[in-house]
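Residue numbers (the numbering used here): 2 to 326. Glycine included, each C-beta is placed from N, C-alpha and C at the ideal position. Below: one structure, written as structure tokens.
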Amino acid sequence: MEIVSYFRYMVCPIILGSLGAWFVSRYGQRLKIMDLPTNRSSHVRNTPKGGSIGILITFIFSSLLLEFSGFFWIPVVFLSLVCLLGDRVDLPISFRLFVQTLCTVIVLIFYFFQTGSGNCALFPLMALFIVGTANFYNFMDGIDGIAGISAVLSFGLLGFFIHSIQADVRFSLLALSIAFSSLAFLFFNLPAARVFMGDVGSVFLGFVFALIVIFVARDIADFFCMTGFLFLFYMDELTTMAIRLKKKESLLKAHRRHLYQILANEMGKDHWKISSGYGACQLIIGSAAFFLRSYGIGLMFLFYAVCGMVFISFSYMIRKKAFDL
2 MEIVSYFRYM VCPIILGSLG AWFVSRYGQR LKIMDLPTNR SSHVRNTPKG
52 GSIGILITFI FSSLLLEFSG FFWIPVVFLS LVCLLGDRVD LPISFRLFVQ
102 TLCTVIVLIF YFFQTGSGNC ALFPLMALFI VGTANFYNFM DGIDGIAGIS
152 AVLSFGLLGF FIHSIQADVR FSLLALSIAF SSLAFLFFNL PAARVFMGDV
202 GSVFLGFVFA LIVIFVARDI ADFFCMTGFL FLFYMDELTT MAIRLKKKES
252 LLKAHRRHLY QILANEMGKD HWKISSGYGA CQLIIGSAAF FLRSYGIGLM
302 FLFYAVCGMV FISFSYMIRK KAFDL
């Protein structure tokens, strides 16, 4: 890659990610975008949120440089701006879901027109995957570093995978630019957060991750390989949902039942240690999925099943120890 491209998709994202996090950490209180701790929080002091605004600006910058259609990136920006507003004022869950669904429908209509795919039966499943991933990522952003580290790894793996299968190079560069911008944000979020990511970043990252997966996947094997780059987020959220449904709890009610939250709150583990552990495991799982892709979907499913059982067993052990179940 020539030096100009390195500057555009590596150096510029790092600068933008740093500036965004620095600006919010400096002026967040004046802008009234503060995260105030509650009994559901895993932090104990007031902290500015929305520090991932630089990652959003990186996305806009890269989308324009790579000449993506406005039907792809404008709905993402609109959703992110609504999330930024939600970081400042309390927005009803129904309104947030409506905006997420609206933006998803717009992008998917563009996808079906662009690809010429006639399999419209996949539309609702794709929409569920996009909205679900956006919210899963948001729910997993609860301790210092976990969302940022996962962004660096998942988008980094996406970028390298897309390059390896010789798909549209623009998606590879977009994913890598988001990874570098997220890396810059991390310096303000670890080891002790000076600024939080906020919904403007967490919902955005999940939404864009899912979009890239759908736009790039050539077949079901590609799809499952790339979703493996965010495996731990999916597992933690799905197992937590199952536990809450079993206890007949409302899924719309805020809680602290994720495994990472239990490790931080009930077990008293340092945030950076938990986030680093999630990151290390995610890197191993994602890299293995990358390698196993060439051996077919069956082996990938077997690998995911083993990883899932290990996660569930570990989760049960920690929950039993924390709550003496």
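| request: Check whether the Cβ atoms of Ile75 and Gly51 lie closer than 8 Å to each other. | output: no
| message | Quick check on Gly269: buried or exposed, where buried means 16 or more other Cβ atoms within 10 Å of its Cβ? | response | Exposure of Gly269 is indicated by the presence of fewer than 16 other C-beta atoms within 10 angstroms of its C-beta.
| Three-state class that DSSP yields for Phe225 in the structure shown | helix
| Residue of Ile275, Ile110, Phe181 and Phe232 minimising C-alpha distance to Leu17 | Phe181
| field | Complete runs of the alpha helix (DSSP H) confined to the region 267–317 [at least 4 residues] | value | 272–293
| task | Note down the Cα distance separating Ile56 from Ser183, rounded to an integer number of angstroms. | result | 6 Å
| Test item: CB-CB of Phe225 and Ser19 under 8 Å | no
| query | What whole-angstrom Cβ distance do Phe60 and Ile179 have, given they're in contact under 8 Å? | reply | 6 Å
| field | Coil, strand or helix - Pro14 by DSSP | value | Residue state for Pro14 is assigned as helix, using DSSP reduced to three classes.
| field | Contact the region 85–96 vs the region 192–207: 3+ CB pairs below 8 Å | value | yes
| request: Given a cut-off of 8 Å, decide if Gly207 and Asn139 are closer than it, judged by their beta-carbon atoms. | output: Taking 8 Å as the Cβ cut-off, Asn139 and Gly207 qualify as a contacting pair.
| Do you know offhand how far Ser288's Cα is from Ile263's? | 27 Å
| field | Where Lys363 sits in the DSSP three-state scheme | value | Within the shown structure, residues of the chain are numbered from 2 to 326, placing residue 363 beyond reach of any answer.
| If you drop the 5 nearest sequence neighbours on each side, which residues of the same chain put their C-beta closer than 7 Å to that of Ser66? | Residue identity check: residue 66 is Leu in the sequence provided, not Ser. Taken in chain order, the residues that qualify are Arg9.
| Roughly how far, in whole angstroms, is the beta-carbon of Leu233 from the beta-carbon of Ile319, given that I think they are within contact range, below 8 Å? | With a Cβ gap of about 14 Å, Leu233 and Ile319 do not count as contacting.
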